[in-house]
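Numbering (our numbering), first residue to last: 1 to 68.
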């Protein structure tokens, strides 16, 4: 798996949470994982088969993307 993008949610319910998008094209599932993390004990993950589904979910978040 490879990291596609990293950032921080800047508004709304998840403001301040870290967000990571990971591509799994060469893995077992394919598609994309979206990780939201507030702390080491609180976070969520989502899986999307297609990029369009991922983009639809990202539309709900205002994210400050971090160059790495």
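All C-beta atoms in this analysis are idealised placements derived from N, C-alpha and C, irrespective of residue type, glycine included.
- [ ] Please list, in chain order, all residues of the same chain as residue 36 whose beta carbon is under 7 Å from its beta carbon, the five residues on each side excluded.
- [x] 14, 17, 19, 43 and 44
Task: Whole-angstrom distance between residue 54 and residue 62, CA atom to CA atom - done: 14 Å
Open item on the list: Please list the terminal residues of the continuous beta strand (DSSP E) segment that includes residue 64.
Closed with: 63–66
Task: residue 71 - containing alpha helix (DSSP H), residue span - done: Past the edges of the chain, shown from 1 to 68, lies residue 71, and the structure says nothing about it.
Open item on the list: Here's a check: name, in chain order, each residue in its chain whose Cβ is nearer than 8 Å to the Cβ of residue 30, leaving out the five neighbours to either side.
Closed with: 24 and 49
- [ ] Note the first and the last residue of the continuous beta strand (DSSP E) segment covering residue 46.
- [x] 43–48
Open item on the list: Let me confirm a value: residue 46 is counted as buried when at least 16 other C-beta atoms fall within 10 Å, else exposed. Which label applies?
Closed with: exposed
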